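Asks: Let me begin by handing over the structure; questions about it come next.
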Amino acid sequence: MAGFGEPGVDAVDAAGLTVGVVAARWHGELTDHMLDRAVAAAQACGARAVAARVAGSVELPVVAQALARRCDVVVALGVVVRGATAHFDYVCQSVTEGLTRVALDEGKPVAHGVLTVDTIEQARDRAGLPGSAEDKGWAATVAALDAALTIRGLDRAGQRVGFGG
């Protein structure tokens, strides 16, 4: 959620990197736009984007893992709206744990761009639509690329890395 202390989302110089973006088809009117914004962010950063679609958010981690084996960073996008059952909690936990596992197992940044919201209006406000308060597709992509650059910078002894511009 946006608020005090949120990091910037300005484009970073990620020339030569490849971003794998996987987006769920549920709530396609939102995830389509989030995917477009993620690809636009990758391009603005000088990176190449590879895109894939899956049925729902539960399928994101396995495709994220396949992308992580082929790309420098991965961005997973989806929308999960709370309903009247515990299904929301199971889906959100499964996706979060799965994406974290992919990042750690593959040693590559995997951005969690899945909107976990109580209402569809909250999702619209975070999907980067005209008038939205946030642009999760863009922000998740820049964050993943920034993390990749930080990891690369760790190889340079004696330098501070990841402190921003």
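Take 25 as the starting number for the sequence shown in the working numbering and just add one per residue. The C-beta atom is built at its ideal place from N, Cα and C for all residues, glycine as well. Given the structure is predicted, the values throughout are model-derived calculations rather than measurements.
#1: Using the rule of at least 16 other Cβ atoms within 10 Å of the residue's Cβ for burial, across every protein chain shown, is D96 buried or exposed?
#2: Between the alpha carbons of A68 and V115, how many angstroms are there, rounded?
#3: For Q146, which option in D159, D34 and V99 has the closest C-alpha, if you only look at C-alpha atoms?
#4: Is Q117 buried or exposed, if buried means 16 or more other CB atoms sit within 10 Å of its CB?
#5: Can you give me the Cβ contacts of V134 inside the same chain, cut-off strictly under 6 Å, excluding the 5 residues immediately before and after it?
#6: Does DSSP put T124 in a helix, a strand or coil?
#7: Tell me whether D170 is buried or exposed, calling it buried when 16 or more other Cβ atoms sit within 10 Å of its Cβ.
#8: Taking a contact to mean a Cβ-Cβ separation below 8 Å, would you say E121 touches R93 in this structure?
#9: Verify whether the separation of the beta carbon atoms of L173 and V74 is less than 8 Å.
Replies: In brief:
#1: D96 should be labelled buried.
#2: Approximately 32 Å between the Cα atoms of the pair.
#3: Ranked by Cα distance from Q146, the first of D159, D34 and V99 is D159.
#4: With fewer than 16 neighbouring CB atoms inside 10 Å of its own CB, Q117 falls in the exposed class.
#5: Counting only Cβ-Cβ distances below 6 Å, and skipping sequence neighbours, we find A88, V98, L123, V126 and A127.
#6: Of the three classes helix, strand and coil, the one that applies to T124 here is helix, per DSSP.
#7: It counts as buried.
#8: Not closer than 8 Å, so no.
#9: Not a contact, by the Cβ cut-off of 8 Å.
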